[in-house]
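Sequences listed follow chains A and B, in order.
The C-terminal position of the first sequence is numbered 279 in our numbering, with every residue numbered one higher than the one before it.
The C-terminal position of the second sequence is numbered 369 in our numbering, with every residue numbered one higher than the one before it.
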Amino acid sequence: MSNLLNSKNRRLDGRKLDELRPIKMEVGVIDNANGSSYIEFGRNKIIAAIYGPKDVHPKHKTKTESAIIKCRYHMTPFSTGTRKNPAPSRRETEISKIIREALEPAIVLTDYPRTAIHVYIEVLQSDGGSRCAGVTAASLALADAGINMRDLTAGCAAGKINGKVALDLDEVEDMEGDADLPLAILPNLEKVTLLQLDGDFSRKEFIEAFKLAKEGCLKVYDMQRNALKDKYFGSKDA
Amino acid sequence: MSEIKRKYVIPGELVGKGNYNRTSNVYQIEDKFYSTRVGMAEVFNDSLRVIPLTGPYIPRVDDLVIGKIIDYSAFAWEIDINSCFSGFLLAQSVFGRDYSPARDSLTKKFALGDLVTAKILAFDRTRDPLLSVSGPGLGRINRGEVVLISPTKVPRVIGKKGAMIKTIENYSKCRLTIGQNGLVVISGNPEGIVSAKSALNLIDHEAHIADLTQKVQDLLSESSKGKKE
Numbered sequence: 042m043s044n045l046l047n048s049k050n051r052r053l054d055g056r057k058l059d060e061l062r063p064i065k066m067e068v069g070v071i072d073n074a075n076g077s078s079y080i081e082f083g084r085n086k087i088i089a090a091i092y093g094p095k096d097v098h099p100k101h102k103t104k105t106e107s108a109i110i111k112c113r114y115h116m117t118p119f120s121t122g123t124r125k126n127p128a129p130s131r132r133e134t135e136i137s138k139i140i141r142e143a144l145e146p147a148i149v150l151t152d153y154p155r156t157a158i159h160v161y162i163e164v165l166q167s168d169g170g171s172r173c174a175g176v177t178a179a180s181l182a183l184a185d186a187g188i189n190m191r192d193l194t195a196g197c198a199a200g201k202i203n204g205k206v207a208l209d210l211d212e213v214e215d216m217e218g219d220a221d222l223p224l225a226i227l228p229n230l231e232k233v234t235l236l237q238l239d240g241d242f243s244r245k246e247f248i249e250a251f252k253l254a255k256e257g258c259l260k261v262y263d264m265q266r267n268a269l270k271d272k273y274f275g276s277k278d279a
Numbered sequence: 141m142s143e144i145k146r147k148y149v150i151p152g153e154l155v156g157k158g159n160y161n162r163t164s165n166v167y168q169i170e171d172k173f174y175s176t177r178v179g180m181a182e183v184f185n186d187s188l189r190v191i192p193l194t195g196p197y198i199p200r201v202d203d204l205v206i207g208k209i210i211d212y213s214a215f216a217w218e219i220d221i222n223s224c225f226s227g228f229l230l231a232q233s234v235f236g237r238d239y240s241p242a243r244d245s246l247t248k249k250f251a252l253g254d255l256v257t258a259k260i261l262a263f264d265r266t267r268d269p270l271l272s273v274s275g276p277g278l279g280r281i282n283r284g285e286v287v288l289i290s291p292t293k294v295p296r297v298i299g300k301k302g303a304m305i306k307t308i309e310n311y312s313k314c315r316l317t318i319g320q321n322g323l324v325v326i327s328g329n330p331e332g333i334v335s336a337k338s339a340l341n342l343i344d345h346e347a348h349i350a351d352l353t354q355k356v357q358d359l360l361s362e363s364s365k366g367k368k369e
């Protein structure tokens, strides 16, 4: 196993164990979408767009009591080191599903009966932790689209590298590290909507990683709030 | 007059705590009210609301809407009202109770692509909105220009007791018909239409700023001055 930490507990990119990568968020980047956002999460560059609510196709998927969400997480062919086949892979199908399930509890679906809300998440450049960044961006885009929501969804991962719990793994750390724990929460409601675990933790390590990831999510949430306020209230801190 | 507390909120943010009778765009957990939209929260003594800054048009009964005929069958027209639900206008309500598909042709009244001003008669979660064109000012739109603005900005375009719409109409010498669904028909002379359009654009983009009526007045008086010179 390669060494991911130096003697001073600094990571390969110079971060401390509990430090996030630099994050940038912007709301309202696509004119033709009902809502959209762009996020840079370290070297991840992701664009999210919302279309709808609109008619459901195929018709038999309609729910008479609520809206349905159609979510597509997709990586562009140029988003990875070697070209990625643009056809949806097993991994993308999975991530589309878990992102949809991470967003659903946040949206007041019963306000839009018989409709569909389309969520498109396009990864332009990928690094580790793109599912969390994708959830974060999609949630911002939903707020931009003006869809009734109980809360925003903020995502962030934690993991284990060289036997130590660390926040927000990048691609190398994810591949070479011991474990990865993506998490998405509804910060005001204090609910978890996405929790996955790849690798192994001891019980103690898991609790430590979960707490760390939760703190990361709250930091991400602050940035989400600022991004929305920047667009709608001209960065006035209200 | 009681004190009104205002603040900007995003979804999930706490708007107020306590007992409120009337609320809008918030949801309640025990005695706490959280916003569901990005917008301006207002807390009154017994009510609280969030005025959204963005969002789709959701039909409401008695709303005046402007729509486009997109389809028709033997019994009804289907009308696009800039919403996720399309409106239906029954042939019976236009031709009368003795409407017969064999005798009357729907296209004689409204053809595909026609724009109409209509009122929402009935709408609930289980049914698409039912429209009516009987009433003063309702029916086919024959002249003018249609501008689309964000449906959440419609109250700003109308203004307090119609102050904003009066300002625009006075300066541009045009008539404005505002649909609650965000479509506005401007009819009048071409110069007036151009200046009214620029005023609507200004409101659409800067609806959140204070003193908007003054700003619109400045814009309109400038453009009317430009014409004289």
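The beta carbon of each residue, even a glycine, is placed where N, CA and C say it ideally should be.
Keep in mind it's a predicted model, so treat the numbers as computed, not measured.
- Here the alpha carbon of Cys173 of chain A sits roughly 7 Å from the alpha carbon of Ala198 of chain A.
- Taken through DSSP and simplified to helix, strand or coil, Lys102 of chain A comes out as helix.
- In the displayed model, Val178 of chain B falls within coil according to three-state DSSP, outside both helix and strand.
- Sixteen is the threshold: since fewer than 16 other Cβ atoms of the shown chains lie within 10 Å of the Cβ of Gln354 of chain B, the residue is exposed.
- Closest in C-alpha terms to Phe184 of chain B, from the list B:Thr194, B:Ile289, B:Asn161, B:Asn222, comes B:Asn161.
- With contacts defined by Cβ atoms closer than 8 Å, Leu61 of chain A and Asn50 of chain A do not form a contacting pair.
- The shortest C-alpha to C-alpha distance from Asp358 of chain B to any of B:Asn222, B:Ser335, B:Phe173, B:Asp344 is the one to B:Ser335.
- Three or more beta-carbon pairs separated by less than 8 Å are not found between the region 135-150 of chain A and the region 87-98 of chain A, which leaves the two stretches without contact.
- With respect to chain B, the C-beta atom of Tyr273 of chain A has a partner C-beta closer than 8 Å.
- Just measuring C-alpha positions, the residue of A:Ala186, A:Ser180, A:Gly196, A:Leu46 sitting nearest Ser171 of chain A is A:Gly196.
- Counting only Cβ-Cβ distances below 8 Å, Leu269 of chain A has contacts in chain B at Ile150, Val178, in chain order.
- Minimum Cα-Cα distance from Lys65 of chain A among the listed residues A:Asp54, A:Ala74, A:Lys86 corresponds to A:Lys86.
- Assigned with DSSP and collapsed to three states, Ile318 of chain B falls in strand.
- Between the alpha carbons of Ile148 of chain A and Leu227 of chain A lies a distance of about 11 Å.
- Membership of Gly158 of chain B in any beta strand (DSSP E) is not indicated, and neither H nor E is assigned to it by DSSP.
- Closest by C-alpha distance to Leu235 of chain A, out of A:Pro223, A:Asp152, A:Phe242, is A:Pro223.
- Residue contact check for Cys314 of chain B against chain A: no CB pair falls below 8 Å.
- Rounded to whole angstroms, Ala184 of chain A and Tyr174 of chain B show a C-alpha spacing of 14 Å.
- By the beta-carbon neighbour count (other beta carbons within 10 angstroms, threshold 16), Gln168 of chain B is exposed.
- Within the same chain, and ignoring the five residues on either side of Glu133 of chain A in sequence, the residues whose Cβ sits closer than 7 Å to its Cβ are Tyr114, His115, Met116.
- The contact set of Tyr174 of chain B on chain A, defined by CB atoms closer than 9 Å, consists of Arg191, Asp192, Asn229, Leu230 in chain order.
- Contact check between the region 291-304 of chain B and the region 261-268 of chain B: fewer than three CB pairs, one atom from each, fall below 8 Å, which does not count as touching.
- For His348 of chain B, at least one C-beta of chain A is nearer than 8 Å to its own C-beta.
- If you draw a straight line from the Cα of Arg283 of chain B to the Cα of Ser327 of chain B, it comes to about 6 Å.
- Distances from the CA of Asp72 of chain A to each of A:Ala89, A:Phe82, A:Ile188 were compared; the closest alpha carbon is that of A:Ala89.
- DSSP places Lys313 of chain B in the coil class of the three-state scheme, outside both helix and strand.
- In this structure Pro241 of chain B is exposed. Its beta-carbon is surrounded by fewer than 16 other beta-carbon atoms within 10 angstroms.
- Here the C-alpha atom of Arg244 of chain A lies approximately 24 Å from the C-alpha atom of Asn44 of chain A.
- Exclusion of the five residues before and after Ala225 of chain A leaves Ala143, Val176, Thr194, Gly196, Thr234, Leu235 as the residues of its chain whose Cβ lies within less than 6 Å of its Cβ.
- Under the Cβ distance rule, Tyr239 of chain B does not count among the residues neighbouring chain A, no pair being separated by less than 8 Å.
- The alpha-carbon separation between Leu269 of chain A and Lys208 of chain B amounts to approximately 33 Å.
- Using a 10 angstroms sphere on the CB of Leu253 of chain A, the tally of other CB atoms reaches 16 or more, which defines it as buried.
- Under DSSP, Glu163 of chain A shares a beta bridge with A:Ile88, A:His115.
- Judged by DSSP in its simplified three-state form, Gly227 of chain B adopts strand.
- As the crow flies, the alpha-carbon of Glu81 of chain A is around 24 Å from that of Thr194 of chain B.
- Closest by C-alpha distance to Gln166 of chain A, out of A:Gly257, A:Lys255, A:Pro118, is A:Pro118.
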